[in-house]
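To start, the structure itself, in structure tokens.
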Amino acid sequence: GDFVMGLEGIVGKVPCEDPNALGIEMEKEHCQNDNSRNIFEASNYGTKTTPEVEFYFVKEPNGAKAVEAKKRLFHATLGLAGAPPDDSTWPSETRNSEKPRV
């Protein structure tokens with residue numbers, strides 16, 4: 047079945063021999079498409095997320111791109127117009143923190 051075929055058997059061969067190509071193409075697909083910031087609800091937990099947030103959560107959960115993606119999602123789920131605020135407007139205990147506030 048699908049497990050024996052592996053990822054390449056399901057989605058096809060990576061377009062070039064560069065070992066980083068798959069990661070680059072996955073990032074493009076999840077973060078640069080028109081629907082990359084479309085909010086959807088995950089069926090297993092009912093959480094709201096985007097393809098962009100999910101990609102960076104896996105790749106580098108506390109990296110700058112992940113933090114920015116999470117801010118955009120948070121801003122959008124509140125129904126706020128425009129760009130999310132920069133770090134200076136966030137509560138100090140949430141800025142540059144290793145552990146998010148709960």
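Numbering follows our numbering, in which position 90 of the sequence shown is assigned residue number 136; successive positions increment by one, without gaps.
All residues carry an ideal CB built from backbone N, CA and C; glycine is no exception.
Note that the coordinates shown come from a computational prediction; the quantities given were computed from them, not determined experimentally.
Among the options, the one whose alpha carbon lies nearest that of residue i
i: glycine 69; options: Val104, His121, Phe120, Ala110; result: Val104
i: threonine 96; options: Leu119, Asp64, Asn66; result: Leu119
i: glutamine 78; options: Ser89, Glu54, Lys111; result: Lys111
i: valine 57; options: Leu126, Glu71, Pro107, Glu106; result: Glu71
Status (buried if at least 16 other CB within 10 Å, exposed otherwise) for residue i
i: phenylalanine 86; result: exposed
i: alanine 115; result: buried
i: leucine 53; result: exposed
i: valine 50; result: exposed
Close Cβ partners of residue i (< 8 Å) along its chain, the five nearest in sequence each way excluded
i: threonine 123; result: Ile85, Lys94
i: histidine 76; result: Ser82, Pro97, Glu98, Glu100, Phe101
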